[in-house]
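Notes for the one structure printed next.
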Amino acid sequence: MKLQGSCQCGAVSFSLESRTPYPYMRCYCSVCRKTDGGGGYAINLMGEAASLDVHDDTGAKRSFRAVIDGQESVAERHFCSRCGTSLWLWDPRWPELIHPLASAIDTPLPRPPETVHIMLEYKPSWVEVPEGPGHIHFQRYPELSIEDWHKSHGLFET
Ligand SMILES: [Zn+2]
Ligand SMILES: [Zn+2]
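Per the numbering used here, numbering through the sequence shown is continuous, rising by one, with the last residue being 1507.
Right under this line is the structure:
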């Protein structure tokens, strides 16, 4: 499906095609929650880089590389320099993919049948993580990639 996104101030808007639009995975790692997730986590989606269409008439979009364990990550995290909204991540190791933050997407997203909580090792103690049916937990990385999760649930758009 086509996803439309924008920053809070409206200086940057974008669209891209995604075959994996379910916002099912919450990441509690320090980069995600500090830059994108005030509630303790952020949700990353995945789309096709070749379909990315960006409107940024004033040149407000910037990117940075997060420092993780003392090393600068190769991934570019794109954001609006006027309002600070996080927009998407692009990693040169997987150049065909774009990972937009679900928080920047304006298109109504489909509701996921389950929620996968990842990087719980890095969660602050005050964040309460839902338990019970429909919630799956990983201390670090999940078993399934975003694409494989969609495929295993019959939700991958062909
Ligand atoms: Zn903005
Ligand atoms: Zn993360």
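Note that beta-carbon positions come from the ideal geometry of N, C-alpha and C, so glycine has one too.
HIS1499 classed as buried or exposed, judged by whether at least 16 other C-beta atoms fall within 10 angstroms: As a position in the sequence shown, residue 1499 is number 150, starting the count at 1. Buried, since its Cβ has 16 or more Cβ neighbours within 10 Å.
If the criterion is Cβ atoms closer than 8 Å, does the pair THR1369 and ILE1454 meet it? For the purposes of this step, residue 1369 is taken as residue 20 along the sequence shown, with counting starting at 1. For the purposes of this step, residue 1454 is taken as residue 105 along the sequence shown, with counting starting at 1. The Cβ atoms of THR1369 and ILE1454 lie no closer than 8 Å to each other.
Roughly how many whole angstroms lie between the Cα atoms of SER1355 and GLU1470? Residue mapping note: residue 1355 aligns to position 6 of the sequence shown, counting from 1. Residue mapping note: residue 1470 aligns to position 121 of the sequence shown, counting from 1. If you take the alpha carbons of SER1355 and GLU1470, they lie about 31 Å apart.
DSSP three-state label for ALA1453, please. Translated into positions along the sequence shown, residue 1453 becomes position 104. Correct three-state label for ALA1453: helix.
Report the three-state DSSP secondary structure of THR1464 (helix, strand or coil). Stepping through the sequence shown from its first residue, residue 1464 is reached at position 115. Judged by DSSP in its simplified three-state form, THR1464 adopts strand.
Say whether chain D places a C-beta atom closer than 8 Å to the C-beta of GLN1357. In the displayed structure, chain D is absent; only one protein chain is listed.
In whole angstroms, what separates the C-alpha of ARG1414 from that of GLN1488? For the purposes of this step, residue 1414 is taken as residue 65 along the sequence shown, with counting starting at 1. For the purposes of this step, residue 1488 is taken as residue 139 along the sequence shown, with counting starting at 1. Each residue's Cα considered, the two are about 24 Å apart.
TRP1498 by DSSP, collapsed to three states: which one? In the sequence shown, residue 1498 corresponds to position 149, counting from 1. Residue state, collapsed to three classes: helix.
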